[in-house]
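*Asks:* Dropping the structure in here first, questions after.
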Amino acid sequence: MKTLKYYFGRAKKEKWAIGQFNFSDWSQVRGILEAAKVLKSPVILGTSEGESKFVGLQEAVAMRNVLRKKYNLPIFLNLDHGKSFEYVKEAIDAGYDMVHFDGSKLSLEENIKMSKKIKNLIGWKGVVMEGEVGRIGTDASKMYTEKFEIKEEDLTQVKDAELYVKQAGVDVLAVSVGTFHGMDVTGVSPNLRMDRLREIKSKIELPLVLHGGSGTPENDIKEAIKLGICKININTETRLAFSNTLRKTLGVISLSAGGEIVPYKYLPEAIHAVQAVVEKNIKLFGSEGKA
Ligand code: 13P
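Per the numbering used here, residue 360 is the first one in the sequence shown, and the count goes up by one each step.
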């Protein structure tokens, strides 16, 4: 199997993006991988600190190992938004392919210092490191009922990004260019700042990462990929598909009225719903057939 760095290089050159789809249990993983299999796409499975604490870092790695073999696909595992050196180290030690260090709450200086420390820890291990400059608005569990306001000071400042990349030595860079974690209640979050992305791209060579992919209009995604975005993170869309389908399948029927209690009978619909969302995104990101 080719390395994740190989796929980043190819995505950058050929102008497509690898999808990172987050999960917190095996059913979601199954939906994600079925989509990757149908479309012969490389895929990154993502776990935030919360998700990986629920799943277990070692359990996630064991699952990836088994599934890589079974599906015969380039399946990678990323720690999404690792916030502390200790937890990022745990993920690396457990065998994650990639770690995202989110130092967005730190000063630029501290962010660089911590990122360098992680990069040194990685050494020659081959783990891909994603750094972040700027602040991506957050609350992945929520559908925003009011328009989400992106503050200018939260966007990635080009000079900061340049300095960070030069000093921290990361492999890929997450940028804040108008997306946010979660989704507008309308289902569409049309905030992408192409002007800022274009400016970043003109100064920075690294593959760029777009967080908060859910709900971003298709044309914006396509344009962003042309401007150097090589990985797009999706969580809310798959969470919604999974949870809403499960709610519908389980319904409000009480047990005495014959409600289904067998997980392997009520989960497949939710798995298919996740698969459909992931297939839609893989096609949009252009990673179909790139495995
Ligand atoms: P969404 O939940 O908005 O898709 O964002 C996911 C994400 O960026 C994870 O890091």
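Backbone N, C-alpha and C fix where the C-beta goes; we use that ideal spot for every residue, glycine too.
Starting from VAL529, follow the alpha helix (DSSP H) in both directions and report where the run begins and ends.
*Replies:* Taken as a continuous stretch (DSSP letters only), VAL529 belongs to no alpha helix (DSSP H), as it is neither H nor E.
*Asks:* What did DSSP end up calling GLN516 once you bin it into helix, strand or coil?
*Replies:* coil
*Asks:* Using only the heavy atoms of the ligand 13P, determine whether one of them is closer than 8 Å to the beta carbon of ASP439.
*Replies:* yes
*Asks:* Where are the beta strand (DSSP E) runs, 3 residues long or more, that stay fully inside the stretch 392 to 434, in chain order?
*Replies:* 402 to 406
*Asks:* Taking only the alpha-carbon atoms, compute the straight-line gap between PHE539 and GLU445 and give it to the nearest angstrom.
*Replies:* Straight across, the Cα-Cα distance linking PHE539 with GLU445 is about 26 Å.
*Asks:* Whose C-beta lies closer than 6 Å to the C-beta of GLY571 among residues of the same chain, with five residues either side of it excluded?
*Replies:* Result list for GLY571: ILE495, THR538, PHE539 and HIS540, in chain order.
*Asks:* Which of the three DSSP states, helix, strand or coil, is assigned to PHE382?
*Replies:* Shown here, PHE382 sits in coil according to DSSP, grouped into three states, outside any helix or strand.
*Asks:* Going by DSSP, which residues form a beta bridge with HIS631?
*Replies:* Partner(s): none; HIS631 has no beta bridge.
*Asks:* Leaving aside the five residues before and after THR362 along the sequence, list all residues of the same chain whose C-beta is less than 7 Å from its C-beta, in chain order.
*Replies:* GLY485
*Asks:* Examine chain D for any beta-carbon lying closer than 9 Å to the beta-carbon of VAL568, and answer yes or no.
*Replies:* The chain inventory of the structure shown lacks chain D, comprising one protein chain alone.
*Asks:* Report the residue ranges of all beta strand (DSSP E) runs contained in full by the stretch 545 to 627; include only those spanning at least 3 residues, in chain order.
*Replies:* 567 to 569 and 588 to 593
*Asks:* Could you check whether LEU569 and LYS560 sit closer than 9 Å to each other, using their CB atoms as the reference points?
*Replies:* no
*Asks:* By the three-class DSSP mapping on this structure, what secondary structure does ASP452 have?
*Replies:* helix
*Asks:* What's the gap between the Cα of LYS476 and the Cα of SER646?
*Replies:* 32 Å
*Asks:* Along the alpha helix (DSSP H) that carries MET696, what are the first and last residues, could you check?
*Replies:* For the chain, the structure presents residues 360 to 650; residue 696 sits outside this window and is missing.
*Asks:* At a threshold of 8 Å, does HIS631 count as lining the ligand 13P (C-beta to nearest heavy atom)?
*Replies:* Incorrect: HIS631 has no Cβ contact closer than 8 Å to the ligand 13P.
*Asks:* Please list, in chain order, all residues of the same chain as SER386 whose beta carbon is under 8 Å from its beta carbon, the five residues on each side excluded.
*Replies:* PHE601, LEU626, ALA629, ILE630 and VAL633
*Asks:* Mapping the DSSP letters down to three states, classify GLY654 as helix, strand or coil.
*Replies:* Because residue 654 is not part of the residues shown, which for the chain are 360 to 650, the question remains open.
*Asks:* What did DSSP end up calling GLY368 once you bin it into helix, strand or coil?
*Replies:* helix
*Asks:* Between VAL637 and ALA376, what straight-line distance do the alpha-carbon atoms span, to the nearest angstrom?
*Replies:* 13 Å
*Asks:* How close, in whole Å, do the beta carbons of LEU677 and ARG423 come, if the pair is a contact with beta carbons under 8 Å?
*Replies:* In the structure as shown, the chain starts at 360 and stops at 650, and residue 677 therefore has no counterpart that could be examined.
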